[in-house]
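So the structure is just underneath, and the comments pick up after that.
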Amino acid sequence: MRRRLNIIALLGGLVVVTSACGGEIQPLEDPGYGDVSQTSIVYASDRTTVLAEWHVGQDRVLVDYADLPQVLIDAVVAIEDERYWSHSGVDLRAIARALVADIEAGAVVQGGSTITQQYIKNVILTPEVTLERKIEEATLAVRLEETLSKEEVLERYLNTSYFGDGAYGVGAAARHFFGVDVQDLSLAQAALLAGQLQLPSATDPTDYPDRALARRRVVLNQLVILGWADKEEAAAADAEPLNLAPQLPPFQTLYPYFTKEVERQLLADPALGATEADRYNLLFKGGLSIYTTIDPVMQELGRQAIAAILPDGGPSAALVAIDPSNGHVKVIIGGADFYDTTDPTAQYNLATQGKRQPGSAFKPFVLAAALEQGFTLDSQFGRGSGVTIQTPSGPWEVSNYNNATFPDLSLLDATRFSVNKVFAELVDAVGPASVAELATAAGIQSELKPFHSIALGAQEVSVFEMASAYGTFAYEGIHISPTLVTRIDTADGVNLWASTPIVTEAMDRETANTVTAALSEVVRAGTGTHAAIGRPSAGKTGTTQQNNDAWFVGFTNELVAAVWVGYPEGQISMVPSLTPIEVTGGSWPAEI
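Numbered according to the working numbering, the sequence shown spans residues 143 to 734.
Quick look at the structure:
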C-alpha cells in the first residue's frame, strides 16, 4: 500500500511540474559536462592510427552534435526516449507506463526518465532513486529545456553516458568497441551502442556478446516500429556479426617504446605547464589530440628486419630512424617486447635510455673535424698495425681490429676499412676537443670529454643520438633537432602546441658532403657492404672491444637509421658459442 501511495504522490508531483510548462519557468544554467576528464589521443603520422589513449579513470572523448550520424541519433532516441523531440523535458506517458509496470511487478522494472532527465542525473544529481530525487530531476529537466535545445541536450547526454568496459561517452565507445570515429558508425554499430545505455556492464559486447546482440535486435525492432528504419535494412544490420575492434590489454599502447618517449618528453616540456603535475593533468585529463611523427609502416618494417636477422634467445637490438630534412622520428624500437613480464629489462628503452660505446661508428666525427682543419680524403698515413700516441694522461696504445696490418693509406681508404691506427693519429693531429665540439653540434647530446679515445668511440652515447647526429651528414651539414610530436590540439580543435625544431649549421656543407662520400665507400666496398640496398647510401660500422656492442648507422638523403646490437643486461661478448657468429657492426647491425 505504501509503495502505491508513493507512486501516486510521485505521479502527482510530476504532473504539477509539467503543468508549469504553461507558465513562466526559470531557465536552468547550462551545467555543461560537469567536472569530467577527457581522454587524450596520441596519433601516428598518418593522423588515423591511434598509438595510445591517455586518461585517468574515465576514457572519454567529447564529440559535437554535428558529428553524430543520424542512425545513432535515431537509435538512441528510439530505445531511450521515443517522444524526445516533442516533450518538454518530462514524458508523463512514459512515467505512467513505467509506474504501472513497476506496480504489477512489485519492483522497479521500467524507468520512464527522459534523455534530459538522464543527462541531469549524469552531471548534477546522484543515481539514488527516491520520490524527492525524481521530482527534483523532473523539475531540473523542464528548466534545462528552457536553456538548451534538444540537439544540445542530446549531445551532452551522449558525451556523459557510460557505455561499458571503461568507455565514457559515445566518442570513446565508438573507438573502443569498433575502432571508428563516431561519425562513421553503421546502423548495426549504432544500434548496439544505443542498446548498451540501459545496462552497459551487463550488455558489454566484449564479455557478453550474446546479450549485446539480443539488445541490438530490440533497438533495431524499435526503429522499425517507429518507421525510422525499414525492415530490410534492420534485418541486414541484425545479421551482421559484432566485428569488435581488437583490444589491447589494459594500459598497453601501440609502439610503446616510441609512445613512452613521447610521454616522457611532453611531461618535461614547460610549455605545457609550470609543474609536472600541471602537465600530467593536461595530458591525461585534457582531451588533447597529440600528433606524432612515427610511421607505422616503417616501424613494422624495422621490427620485421630485426626479427629476420637476430636469432631467438640471442642479443637484443635497438633501432631509430629519422628524416634528416625535418627531424621527424619515424621509428623507435627500444627492445623486443615492452610488455614481456619475464624480462627485467623489457621496459628499459635501449634506443633512448640505453647508452653504449659506439666504437668506430664515431669515426665520421673525427673525419669531419679533420676535414674542417684542412685534411682531405687523399691525405696519406703510414703503414702498420698500431700506434702509440702520447696524451696528457699518458701513452695511448692503439691497434687495428684483429691486429690487421695495412700499407700506406689515404684517409678515404682508412675510413673505408675503419683503420684504428689512422684515426688515432688523426685525433691527435686535430685535437679531441675539436671532435667533441663538432659531434655535439651535429646532435650528440651526451657529455663528451676531450680524451683521445673519443676517436674510437670509447664514450657512451644512445642510438637516438647517433641517428640524429648522422642526419647532419645526410642534410649537408645542417642539424635539425629530432622531434616526436608535430602538434597538439585541444578538445575543441584549437592548436595548443606546435613543434619548433632547432636548425643549426653544425659543419660546412662541403665537409658534410665529403664525409658522406667517404661513408658511401664504406657501404660500397668497405666494412659495411652488408648494408648495401641497391641505391646510393652511406654509413659506418662500429664494434667495441670483445664484441660487446655492434653498430651500424646509415643514411640516404631521405632517411637515417641507427642500429645497435648487444646484450642489455651488461657487457657480454657476442662470439661463438654464445652467438652463432662473431658479431660485428658489419654483420647483424648492417644487415638489419
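Glycine included, every Cβ here is placed at the ideal spot set by N, Cα and C.
Predicted model only: the values in this text are computed from it and were never measured.
Decide if residue i is buried, meaning its Cβ has at least 16 other Cβ atoms within 10 Å, or exposed.
i	result
Gln-389	exposed
Leu-408	buried
Leu-443	exposed
Glu-567	buried
Glu-711	exposed
Val-184	buried
Ile-723	exposed
Val-250	In this prediction, Val-250 scores a pLDDT of 44, lower than 50, which makes its location untrustworthy; the coordinate-derived value is nonetheless stated afterwards. It is exposed - the Cβ of Val-250 has fewer than 16 other Cβ atoms within 10 Å.
Asn-689	buried
Arg-146	Unreliable positioning characterises Arg-146 in this predicted model, as indicated by a pLDDT of 47, which lies under 50. The coordinate reading is nonetheless provided below. Looking at its Cβ environment, which holds fewer than 16 other Cβ atoms inside 10 Å, Arg-146 is exposed.
Pro-636	Looking at the sequence shown, residue 636 is not Pro but Val. By the neighbour-count rule (16 or more Cβ atoms within 10 Å), Val-636 is not buried but exposed.
Glu-418	exposed
Thr-726	buried
Val-603	buried
Pro-718	exposed
For residue i and residue j, which I take to be in contact (beta-carbon distance under 8 angstroms), what is that distance rounded to the nearest angstrom?
i	j	result
Ala-789	Gly-684	Lying before the first or after the last residue shown, residue 789 is absent from the chain, which here runs from 143 to 734.
Leu-210	Leu-300	7 angstroms
Asn-542	Gly-528	6 angstroms
Ala-333	Leu-355	So it is not a contact: roughly 10 angstroms between Cβ atoms.
Val-218	Leu-327	No, Val-218 and Leu-327 are not in contact; Cβ-Cβ is about 11 angstroms, not under 8 angstroms.
Ile-474	Glu-539	Not confirmed; about 38 angstroms, so no contact.
Val-471	Gln-515	Their Cβ separation, rounded to whole angstroms, is 32 angstroms, which puts Val-471 and Gln-515 out of contact at 8 angstroms.
Gly-476	Tyr-399	3 angstroms
Phe-305	Leu-335	6 angstroms
Is it true that the CB of residue j sits closer than 8 angstroms to the CB of residue i?
i	j	result
Ser-662	Ala-680	yes
Val-232	Tyr-261	no
Leu-386	Gly-313	no
Pro-438	Thr-625	no
Arg-285	Gln-212	no
Val-657	Phe-593	no
Leu-193	Thr-435	no
Ala-584	Ala-611	yes
Ala-659	Leu-580	no
Gln-522	Asp-550	yes
Gly-619	Glu-647	yes
Ser-595	Glu-607	no
Ile-432	Val-198	no
Cα-Cα, which of the options is closest to residue i?
i	options	result
Ile-464	Val-529, Ser-230, Met-440, Ile-531	Met-440
Glu-733	Ile-448, Ala-648, Thr-435	Ile-448
Ala-622	Thr-656, Ala-633, Ile-586	Looking at the sequence shown, residue 622 is not Ala but Ile. Ile-622 has its Cα closest to that of Ile-586, out of Thr-656, Ala-633, Ile-586.
Ile-266	Glu-274, Glu-195, Glu-279	Glu-279
Arg-558	Asp-352, Gly-728, Arg-357	Gly-728
Thr-181	Glu-618, Gln-212, Thr-345, Gly-311	Gly-311
Gly-676	Thr-698, Val-657, Phe-694	Thr-698
Pro-500	Ala-600, Gly-528, Ala-416	Ala-600
Leu-234	Trp-227, Glu-297, Ala-220, Ser-255	Ser-255
Asn-655	Ala-578, Asp-352, Pro-506	Pro-506
Leu-282	Phe-523, Lys-263, Leu-327, Ser-715	Lys-263
Ser-576	Val-627, Val-508, Ala-667	Val-508
Glu-297	Ile-215, Val-627, Gly-415, Ser-535	Ile-215
Gly-668	Asp-555, Arg-353, Leu-368	Asp-555
Ile-136	Ala-597, Gln-522, Trp-693	Residue numbering for the chain in the displayed model covers 143 to 734; residue 136 lies beyond these limits and cannot be assessed.
Ile-221	Val-360, Thr-632, Ala-330, Arg-189	Val-360
Ala-609	Gln-522, Lys-591, Ala-703	Ala-703
Thr-721	Gln-489, Phe-517, Gly-428, Asp-454	Asp-454
Pro-457	Val-198, Gln-200, Val-705, Tyr-207	Val-705
Ala-640	Trp-693, Leu-430, Ala-208, Gly-536	Leu-430
Determine, using beta carbons only, whether residue i comes closer than 8 angstroms to chain C.
i	result
Ser-458	In summary, chain C is missing from the structure at hand, where a single protein chain is found.
Contact the region 489-496 vs the region 556-563: 3+ CB pairs below 8 angstroms:
no
State whether the region 315-323 contacts the region 370-382, with contact taken as three or more CB pairs (one from each stretch) at a distance under 8 angstroms.
no
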